[in-house]
Each structure stands twice: as structure tokens, then as C-alpha cells.
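Each residue of the sequence shown is one higher than the one before, counting from 0 in numbering that gives the first Met the number 0.
Just so it is clear, CB atoms sit at the ideal spot from N, CA and C, and this is done for glycine as well.
A short write-up of the structure that comes next.
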Amino acid sequence: MEKVVVIMGSKHDQEKVEPAIEVLKEFSIETGVYCISAHRAPDGLAQFIKKLNEGGFTKVVIAAAGLSAALPGVIAAKTTIPVIGLPLGGSPLNGQEALYSMAEMPPGIPVATVGINGAKNAGLMAVRIVANEYPGIGLALERYNEAQAKKSLADNDKIHEYYSKLAGKEATVEQAAGKGSSKRKSSASNEQSQSYEPISGWNPEDMF
Ligand code: AIR
């Protein structure tokens, strides 16, 4: 079997699991994707786990499910391969039932659980586990983190610049209106704020 196994409880989970598969693809890690319900096909799942253990090649399993999600726990109970639980939302309890099912495992059978719909982090955690044995993947992870940091700091520059310019314009309008340091916005300053061109792809109103 493949180096990383991604298994979901239903074909309807596919879209929510996709970011994990994307991350693994980005790092060129051999990944097998499967769909078996722990509740609807328990014998099929047992056979699958048997094959997983016999294969001896898989380093980590990502198990994704919604509702009362037994899948990662059942897999963890029948293998010593690390299991990452990916609880899925979109359910009557918004994924909390799946989160609790995965995170609150009885002592002795661990499942490393990510956040609800946290497929990207599930993928990245799997990459980190595989990287323990493959230094090249570790280096790729370092580059990934560097690129991420660069992007985050570029966002900081844009946001800081946006508000600095906005503050500068408001001050000018206040001064022109002879209002000194009054915090109350004049309608002119409101017009100025609205006419200021927002930075591309980012809407300040999203923050509120
Ligand atoms: N599920 C399927 N068997 C056991 C569980 N917990 C989960 C699936 C899916 C949800 O139940 O992972 O998130 C609904 O599945 P379906 O197939 O009815 O859409």
C-alpha cells in the first residue's frame, strides 16, 4: 500500500478531504485514497486494515468522517501506524460530534485529531510524519514554511500601508475642515474613506 493512506467514510466527504490530498500531491508523496464506512462496511474496513498492516509500507493514515465518526478510532485500534483524525462539518452539530468522537479517544488508542474540516493541516501533519524518514521532504517543508512566512509578512505590509494612507487622508480632511483632532468623522472624511481604493483581493469590511 501507499506511503500515505487517506480514507473517508463516505463519497460525500470527498470535497472536504480534497485539501489534504492536494497538500500530499504538492510534496510528491505517494498517496492512496479510499472510501470505507466504519459503520456500514465494518468487515470491509477490517480487511482493509489487515492489508494495510501486511503491506508494511504506509507511514501514516488520514481518516476523515462526519457525524458519529468511528473510522479513525477503529483503524487506530487495529494498527500501530499513526492515525490522523479529520472531523468533517456540515452536519446537524457542525462537525462537533465528529471532533469529539476522534479527539476523545480512550487512553491507549491515540488519534491525532485536527480541527473540523482541517484537511490542509491533516495533509501537512502527514507530510511532517513522512519527513521524519525522508530528509528531502523535510527540506521541502522548510521551503514551504519560508514561502508562507514571506506571504504573511507581505500581507502585513499591505494592510499597514492601507491603514497608514487612510489615516493620512483622514487627517488631511480633518485639518482642511478646521476640526483639529476631533475623533468624529466629518461627512467629507467619510467620502474620502469610501473613495480610497482598496488593496486588491482584500475587503476591509470582511474583518468586521
Ligand atoms: N459516516 C459514514 N459512515 C460512518 C460515518 N460516520 C459519515 C460520513 C459522512 C456522513 O456520515 O463520513 O460524513 C454522512 O454520510 P452519507 O454517506 O450518508 O452522506
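Requested in this report: Would you give the residue range spanned by the beta strand (DSSP E) that A69 belongs to?
Outcome: Stepping through the sequence shown from its first residue, residue 69 is reached at position 70. First-last for A69: undefined, no H or E at that position.
Requested in this report: Could you work out which residue in V32, T57, K119 is closest to E132 when comparing CA atoms only?
Outcome: By 1-based counting over the sequence shown, the position of residue 132 is 133. When only C-alpha atoms are compared, the closest one is T57.
Query raised in the report: Does any heavy atom of the ligand AIR sit closer than 6 Å to the C-beta of D12?
Result: Taking the sequence shown and counting its residues from 1, one reaches residue 12 at position 13. Proximity of the beta carbon of D12 to the ligand AIR is indicated: a heavy atom of the ligand is located closer than 6 Å.
Query raised in the report: Is A64 near the ligand AIR, in the sense that its beta carbon is under 6 Å from a heavy atom of that ligand?
Result: By 1-based counting over the sequence shown, the position of residue 64 is 65. A64: yes, Cβ under 6 Å from the ligand AIR.
Query raised in the report: Can the beta-carbon of K2 be found less than 7 Å from the beta-carbon of E29?
Result: Taking the first residue of the sequence shown as position 1, residue 2 is located at position 3. Taking the first residue of the sequence shown as position 1, residue 29 is located at position 30. Yes, these two residues count as a Cβ contact at 7 Å.
Query raised in the report: Which residues mark the beginning and the end of the alpha helix (DSSP H) in which V22 is found?
Result: Sequence index remark: in the sequence shown, residue 22 carries index 23 (1-based). Start and end: 13–25.
Report task. Along the beta strand (DSSP E) that carries M7, what are the first and last residues, could you check? Result -> Mapped onto the sequence shown, residue 7 falls at position 8. Where M7 is concerned, the enclosing beta strand (DSSP E) stretches over 3–7.
Query raised in the report: Heavy atom of the ligand PLP less than 6 Å from the Cβ of G8, yes or no?
Result: Ligands in the displayed structure: the ligand AIR; the ligand PLP is not one of them.
**Report entry** L85 - DSSP class collapsed to helix/strand/coil
**Finding:** Position 86 of the sequence shown, counted from the start, is the residue given in the question as residue 85. Reduced to three states, the DSSP call for L85 is strand.
Query raised in the report: the ligand AIR heavy atoms versus the CB of L87: any closer than 6 Å?
Result: Stepping through the sequence shown from its first residue, residue 87 is reached at position 88. Yes.
Query raised in the report: Relative to the ligand AIR, is the shortest distance from any of its heavy atoms to the C-beta of S36 smaller than 6 Å?
Result: By one-based count along the sequence shown, residue 36 stands at place 37. True, at least one ligand heavy atom lies under 6 Å from that Cβ.
Query - Contacts around F47, its chain only, beta-carbon distance under 8 Å, and the 5 residues preceding and following it disregarded - result: Taking the first residue of the sequence shown as position 1, residue 47 is located at position 48. Counting only Cβ-Cβ distances below 8 Å, and skipping sequence neighbours, we find I6, Y33, I35.
Report task. Just mark S151 as buried or exposed, buried being the case when its beta carbon has 16 or more other beta carbons within 10 Å. Result -> The count along the sequence shown starts at 1 and reaches residue 151 at position 152. So S151 counts as exposed.
Report task. Give me the Cα-Cα distance between G84 and E25, rounded to the nearest whole angstrom. Result -> Taking the sequence shown and counting its residues from 1, the one referred to as residue 84 is at position 85. Taking the sequence shown and counting its residues from 1, the one referred to as residue 25 is at position 26. When rounded, the distance between both Cα atoms is 21 Å.
Query raised in the report: Mind pulling the alpha helix (DSSP H) runs of 4 or more residues that sit fully within the segment 110–154?
Result: 118–130
Query raised in the report: Quick one: does I48 have its CB under 7 Å from some CB of chain D?
Result: Absent from the structure: chain D. Only one protein chain is present.
Query raised in the report: If you measure from the CB of A19, is any heavy atom of the ligand AIR nearer than 6 Å?
Result: Working through the sequence shown from its first residue, we reach residue 19 at position 20. No, the Cβ of A19 stays beyond 6 Å of every heavy atom of the ligand AIR.
**Report entry** A68 Cβ short of 6 Å to the ligand AIR heavy atom set
**Finding:** If you number the sequence shown from 1, residue 68 lands on position 69. Yes, the Cβ of A68 comes within 6 Å of a heavy atom of the ligand AIR.
Report task. State the beta-bridge partners of G31 as determined by DSSP. Result -> Residue mapping note: residue 31 aligns to position 32 of the sequence shown, counting from 1. In DSSP, G31 forms a bridge with V4.
Report task. Compute the Euclidean distance between the alpha carbons of E141 and E173, then round it to the nearest angstrom. Result -> Counting from one through the sequence shown, the residue named residue 141 turns up at place 142. Counting from one through the sequence shown, the residue named residue 173 turns up at place 174. Approximately 48 Å between the Cα atoms of the pair.
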